[in-house]
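> Numbering (this note's numbering), first residue to last: 7 to 1011. Note that the Cβ used here is the ideal one computed from N, Cα and C, for glycine as well.
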Amino acid sequence: MTRRHRSYLLNSTLLVGVALVASPALAQTAPATQETQQQTDDPNTPPPAAEGQDIVVTGTLIRNPNLVSSSPVNVVSENELTLRNVNNVEQILRELPGSVPGIGSAVNNGTGGFSTVNLRNLGSQRNLVLLDGDRIVPAQSGGSVDLNNIPTALIQRLDVLTGGASTSYGADAVSGVVNFITKKNFSGMEASASQQITEKGDANYFRADLTVGANFDDGRGNAVLSLGYQEADPLYQGARDISVYGIDSGSGVASGSSRTSVPTTLTFNRAQAALAGVPTSGNLQVNPAGTGLVAFYNGFNFNPYNIFQTPYKRYNFFGQANYEINDNLEVYTRGLFSKNTVQQIIAPSGVFGENLTIPGNNPYLPAAIRDQLCLANSIALGATCNTNTAIPLGAVYRRSVELGPRVSTYTTTVFDYKAGLRLRFSDHVKLDVSGAYGESDLNQSQTGYVLRSRVQQALNATNTTTCNNTANGCVPVNLFGAAGSISSDQANFLSGQSSIAVHTALSQAKAVLNGDFGTTSPFANEPIAFAAGGEYRKYSYSRVPDAYALSPGELGGAGGAVLPFSGSYDVREAFGELIAPLVADKPFFHSLTLEAGVRYSDYKVQATNSPKFSATTYKVGGSFEPVEEIKFRGNYQRAVRAPNIGELFSPVATGLDNLSPGLDPCVGALPLTSANLALACRNQGAPASSIGSISEPISGQPNVTGGGNPDIRPEIAKTYTVGVVIQPRGVVPGLSVAVDYFNIKIENAIAFATPADILSACFGSSPASITAAQAASSACTSIRRNSADGSLSGSSASVAGLPQPLTNRGRLRTDGIDLNANYKRTLGEIGLDVGFQGTWTNHNYFRASETSYDRDCVGYFSTSCASIQPAFAWNQRTSLSFGPGTLSLLWRHIGAVKYEALAPDAALRQVTTPLFSGVVTGPTPLAGGTYNFNRIGAYNYLDLSAQVEVNDHLTFTFGVRNMLNKKAPLVGSTAGSTSFNSGNTYPSTYDVLGRLFNVSGKLRF
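#1: Going by DSSP in three states, P411 sits in which element: helix, strand or coil?
#2: Closer than 7 angstroms by C-beta to Y624: which residues in its own chain qualify, once you throw out the five before and the five after it? Chain order, please.
#3: Please work out which residues of its chain come closer than 6 angstroms, Cβ to Cβ, to G58, disregarding the five sequence neighbours upstream and downstream, and give them in chain order.
#4: For Q503, count the other beta carbons within 10 Å of its own beta carbon; 16 or more makes it buried, fewer makes it exposed. Which is it?
#5: Among the residues of its own chain, which have a CB less than 8 angstroms from the CB of T525, if the five just before and after it don't count?
#6: Here's the rule I'm using: 16 or more other beta-carbon atoms within 10 Å means buried, otherwise exposed. How should N615 be labelled?
#7: What number of angstroms, rounded off, separates the C-alpha of S797 from the C-alpha of D495?
#8: Quick check: the Cα distance between P369 and G661, rounded to an integer number of angstroms?
#9: Please state whether the Cβ-Cβ distance between V456 and S406 is less than 7 angstroms.
#10: Provide the residue span of the beta strand (DSSP E) that contains L399, from first to last.
#11: Using three-state DSSP, classify N848 as helix, strand or coil.
#12: Return helix, strand or coil for G479, following the three-state DSSP convention.
#13: Per DSSP, T820 forms a beta bridge with which residues?
#14: How about N289 and R265: are their beta carbons less than 7 angstroms apart?
#15: To the nearest angstrom, how far is it from the Cα of D821 to the Cα of I752?
#16: Per the DSSP calculation, A827 is bridged to which residue(s)?
#17: Taking 7 angstroms as the limit between beta carbons, can you name the residues of its chain near K436, skipping five residues before and five after?
#18: Have a look at R967, S804, A794 and flag the residue whose alpha-carbon is nearest the alpha-carbon of S287.
#19: Give a yes or no on whether the C-beta atoms belonging to S492 and E360 are separated by under 7 angstroms.
#20: Is A199 near L216, with beta carbons less than 7 angstroms apart?
#21: Straight-line CA distance for S29 to T88?
#22: Please classify P761 as buried or exposed, where buried requires at least 16 other C-beta atoms within 10 Å of its C-beta.
#23: Going by Cα to Cα distance, which pick from R320, F324, L379 is closest to V218?
#24: If you measure between the beta carbons of Y642 and V611, is that distance less than 7 angstroms?
#25: Taking the alpha-carbon of R458 as reference, which of L371, F358, G539, G366 has the nearest alpha-carbon?
#26: Give every residue of the same chain whose Cβ lies closer than 7 angstroms to the Cβ of F619, excluding the five residues on either side of it in the sequence, and list them in chain order.
#27: Measure the C-alpha to C-alpha separation of G366 and Q378 and round it to an integer number of angstroms.
#28: Run through DSSP, which three-state label would F630 get?
#29: Mind checking who S573 pairs with in its DSSP beta bridge?
#30: Could you compute how far the alpha carbon of L886 sits from the alpha carbon of T204?
#31: Of the residues P708, R735, N124, which one's Cα is nearest the Cα of I98?
#32: Would you say the segment 307-323 touches the segment 106-118, given that touching needs at least three Cβ pairs under 8 angstroms?
#33: Comparing alpha-carbon positions, which option in Y945, G148, L465 lies nearest Q875?
#34: Answer with buried or exposed for V183, where buried requires no fewer than 16 other C-beta atoms within 10 angstroms of its C-beta.
#35: Just to check my reading of the structure: I789 and N682 have Cβ atoms closer than 8 angstroms, yes? What is that Cβ distance to the nearest angstrom?
#36: Relative to the alpha-carbon of D224, which residue among I156, N312, N332 has its alpha-carbon at the smallest distance?
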């Protein structure tokens, strides 16, 4: 490959958005051939489009290579993907400044079987994923596209536009758009394979792809087919020192933290403890000898069962073709098929706070424990106790380690097909008409779960071989022994396999009339361009659980019932856009361009009374170049996000959320100091005897109850960007710098309150001073506690926990600055290419309602701030090319963050108890070290890549990720949400794999 070619590739490597948005052909589509890429040495000019090809410009529907949208677009090139050895596009998207990790390969408990992108930390449901400018079928009821299904091998580039884009693409494009541009008119064969593994010899990941394409009929047609396979091995948390043991975020003690442990734990209130003669109330555990109940002493360590890298396997097929019937008519088609399997592996199931009973003459019930239970429940000892048919056990917690881990296997099968035609009416007007249809089937299989109904059935036994109710081949169970006391026969009876089937479909039809008016402004060279047309989309969804998943609390530790539901809605839209060059090539007016657009959307929901609503979006923008070296640009957009199917139709159900220690005022001794606080706790269902001994939710996960709302209406977003692009060609040739300020404000946001906000609405900022009237308010009485122990944990069949209704009362606001820079220089035979992309996020406020606190999560982490968003983040790549070789260093920076309790407004946030700071203790390799869980300093990762072109047909790429083997920060196991705070750290944000080696080869003809 020539030096000229390599120079362009490297310059385009690190997000060449600066060069592209500053150049005449913004983010244009071009075939990935050496010939076209050799046509320029100018680092500020992208390769031209192939002759006769349309231009895909992310951010506008107008396809004119000589006109530029005012929206800033960042671009990830194909070679950047190669240098990073990316196996799944989610991996690179979560590391881009301006985005935060969504659900992906580093999320275990909460994966859902799909991967998403989260731009500006406004939620994956507020950004839109496109393939060549088109929507593809979503993976779930929230409307998000599964990034696992994107055909990585055929990606030519990745465009990321942050900010409203609803005028061009319709609803959902509130925080931005991710547009995957595939290679067009590919001819030849390309085979590639890559392998990665850590220096410890684990976390193996293999990928192989084969792409073949050919032109036919003298170049009038082209067809391409790409096949791919990927497989990733799991990485268990027990394989890393930081996560061998769960470490309590409040105490710094490494130990089992879950009271659902072995041996069994029961809960006594203070009165029961006094009657039974035990020294403490609260959680009592069977002693090691199995002869009595003592103070809780052995929490369960679930970390070794959990994983940092989810096991994954994918087969994918992607094909596209086009054919020019004549000079004025072209037909085209595109088809995508993917089958991928993702596994979630978490700690064993068990009995999680179920209120159970046991006969006094159960053979597995130790006599001493039987007597303690009878005393605690005021049952006379002797024959009355010994023959009692249903001695209350209260809230029972027992980890069923004998069943092995809980495994959820998500198998997703997707196809998405599109066909269309392009009509050329004249040199000035073209029409593109297309239709598309896609389906996604996600089947979830759950194994390793204890069946709640069978636990009670198996306890109702008076001998070791038969149950009182022999249905289903019941086997009496021993809940009072050590690990291993549940035999294989007992385990087989207690466990069951469950399945959930999810089906989504998307039908689309679109017509776009594109061209120009053939007239120009008296002071410009280019004619006024337009795009106008109409679009129709229909979304449908269904979820069908089996009987086990459907029953509340039946699957031990599954988080609640999965209820069946289905729903659909359709939308009809009309739109139009203009780009008008007003002045060009005049003194102090090198160019002046204005643009505008509008889209009207009419929605119909397939529900009772057929709800309807409409929305109008619009945009205005422009750019001004006083001289060729500097451009000012800006745009304003009114965007909308229509409610998705989940928000409209999800049935009300009880599940799990996260709550930091110290946020529930009913926990511990505080209610003993305030009669009204104790009254509030009792009004929520806590028994009077539990006041003073209520425990934190299991694993920091309270029950919450919520669902969809068919009366939800669209969110309204107002977004604007203002920026400048500088290219001092005469002073510093090869340098491009772009600075853009962004501001996004979303009103009528579809949201539910955080657990902290729900508790605050009841207890206020000073719970000990709560009044009797407050204690009786609906904000307090709508919270429903465990009737046995007063906690917010327990069976989803009986403990509703915190209410989380969905409303349009939310608001989100964020703003900041994006800085992009690229520089290229030739030093003799050596080419230097430097790229930088950084984001400073000023604020990111969220409130669920007018009465909720307006929480800013930038620079903070907690259970209320899900995915970490630092104020500063950047990527900087430096590449040196010489002859057939390239050496490239990527510097990834993640700014410092701190726990929310350290915020100046911590009292108003209702997070006032700091995390642990001191010497970590317990059976962990980190014991004896001094750590401050409240602060995570700035992180800098260095990734080294080397690329060698053996000849024009064969290229090898070698890489070392996290070259300095920087360890992930330690914050404990309950600092944040379950999805993102796992293994005592934040594995989606910080590297937990350690130094990682990768190698790839690409053969092309």
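According to the data block:
#1: The residue you call residue 411 lines up with position 405 of the sequence shown. In the structure shown, P411 sits in coil (DSSP, three-state: anything other than H, G, I, E or B).
#2: Within the sequence shown, residue 624 is the residue found at index 618, counting from 1. These residues qualify, in order along the chain: T173, G603, V604, R644.
#3: The sequence position of residue 58 within the sequence shown is 52, counting from 1. At G58 the pLDDT is 41, less than 50, meaning the model places this residue with poor confidence and gives no usable figure here.
#4: Start at 1 with the first residue of the sequence shown, and residue 503 comes out as number 497. Q503 comes out exposed.
#5: Position 519 of the sequence shown, counting from 1, holds the residue named residue 525. If we look at T525 and ignore the five residues flanking it on each side, its Cβ neighbours are P533, I534.
#6: Locating residue 615 in the sequence shown gives position 609, where the first residue counts as 1. It is exposed - the Cβ of N615 has fewer than 16 other Cβ atoms within 10 Å.
#7: Indexing the sequence shown from 1 puts residue 797 at position 791. Indexing the sequence shown from 1 puts residue 495 at position 489. Using only the alpha carbons, I get a separation of about 33 angstroms.
#8: Taking the sequence shown and counting its residues from 1, one reaches residue 369 at position 363. Taking the sequence shown and counting its residues from 1, one reaches residue 661 at position 655. Taking the straight line from one Cα to the other gives about 35 angstroms.
#9: As a first step, residue 456 is located in the sequence shown; it is residue number 450 there, counting from the start. As a first step, residue 406 is located in the sequence shown; it is residue number 400 there, counting from the start. Cβ atoms of V456 and S406: closer than 7 angstroms.
#10: For this step, residue 399 is matched to residue 393 along the sequence shown. Unbroken beta strand (DSSP E) run through L399: 397-405.
#11: The sequence position of residue 848 within the sequence shown is 842, counting from 1. Strand, per DSSP.
#12: Numbered from its first residue, the sequence shown carries residue 479 at position 473. Correct three-state label for G479: helix.
#13: Sequence index remark: in the sequence shown, residue 820 carries index 814 (1-based). DSSP output for T820 lists I750, N850 as bridge partner(s).
#14: For the purposes of this step, residue 289 is taken as residue 283 along the sequence shown, with counting starting at 1. For the purposes of this step, residue 265 is taken as residue 259 along the sequence shown, with counting starting at 1. Yes, these two residues count as a Cβ contact at 7 angstroms.
#15: Position 815 of the sequence shown holds residue 821. Position 746 of the sequence shown holds residue 752. Going from the Cα of D821 to the Cα of I752 covers about 12 angstroms.
#16: If you number the sequence shown from 1, residue 827 lands on position 821. BP columns for A827 point to V743, F842.
#17: Translated into the one-based positions of the sequence shown, residue 436 becomes position 430. R428, L429, R430, N520, G521, listed in sequence order.
#18: In the sequence shown, the residue the question calls residue 287 occupies position 281. For S287, the nearest C-alpha among the options comes from A794.
#19: Position 486 of the sequence shown, counted from the start, is the residue given in the question as residue 492. Position 354 of the sequence shown, counted from the start, is the residue given in the question as residue 360. It is worth fixing the name first, because residue 492 is Ile in this sequence and not Ser. Their beta carbons are not under 7 angstroms apart, which means I492 does not touch E360 by this criterion.
#20: As a first step, residue 199 must be located in the sequence shown, where it is residue number 193. As a first step, residue 216 must be located in the sequence shown, where it is residue number 210. The answer is no: Cβ separation not under 7 angstroms.
#21: For the purposes of this step, residue 29 is taken as residue 23 along the sequence shown, with counting starting at 1. For the purposes of this step, residue 88 is taken as residue 82 along the sequence shown, with counting starting at 1. Caution is warranted here: a pLDDT of 31 is assigned to S29, below 50, making its placement in the model unreliable, and the coordinate value is therefore given only provisionally. If you take the alpha carbons of S29 and T88, they lie about 25 angstroms apart.
#22: In the sequence shown, counting from the first residue as 1, residue 761 sits at position 755. P761 is buried by the Cβ-count criterion.
#23: In the sequence shown, the residue the question calls residue 218 occupies position 212. Selected option, being the one with the closest Cα: F324.
#24: Translated into positions along the sequence shown, residue 642 becomes position 636. Translated into positions along the sequence shown, residue 611 becomes position 605. Taking 7 angstroms as the Cβ cut-off, Y642 and V611 do not qualify as a contacting pair.
#25: Mapped onto the sequence shown, residue 458 falls at position 452. The candidate whose alpha carbon is nearest that of R458 is F358.
#26: Taking the first residue of the sequence shown as 1, we reach residue 619 at position 613. Cβ within range, chain order: Y609, R719, P720.
#27: For the purposes of this step, residue 366 is identified with residue 360 of the sequence shown, where counting begins at 1. For the purposes of this step, residue 378 is identified with residue 372 of the sequence shown, where counting begins at 1. Going from the Cα of G366 to the Cα of Q378 covers about 11 angstroms.
#28: Residue 630 sits at position 624 when you count from the first residue of the sequence shown. Strand, per DSSP.
#29: Here residue 573 corresponds to residue number 567 of the sequence shown, with the count starting at 1. According to the sequence as given, residue 573 is Gly; it is not Ser. DSSP, once it has assigned bridges, lists Y547 as partnering G573.
#30: Within the sequence shown, the letter at position 880 stands for residue 886. Within the sequence shown, the letter at position 198 stands for residue 204. Between L886 and T204, the C-alpha separation is close to 26 angstroms.
#31: By one-based count along the sequence shown, residue 98 stands at place 92. Among P708, R735, N124, the Cα nearest to that of I98 belongs to N124.
#32: yes
#33: If you number the sequence shown from 1, residue 875 lands on position 869. Here the closest residue by C-alpha is Y945.
#34: Counted from its first residue, the sequence shown places residue 183 at position 177. Buried: at least 16 other Cβ atoms inside 10 Å.
#35: Translated into positions along the sequence shown, residue 789 becomes position 783. Translated into positions along the sequence shown, residue 682 becomes position 676. The Cβ separation is near 15 angstroms, so there is no contact.
#36: The sequence position of residue 224 within the sequence shown is 218, counting from 1. Checking every option, the nearest Cα to that of D224 belongs to N332.
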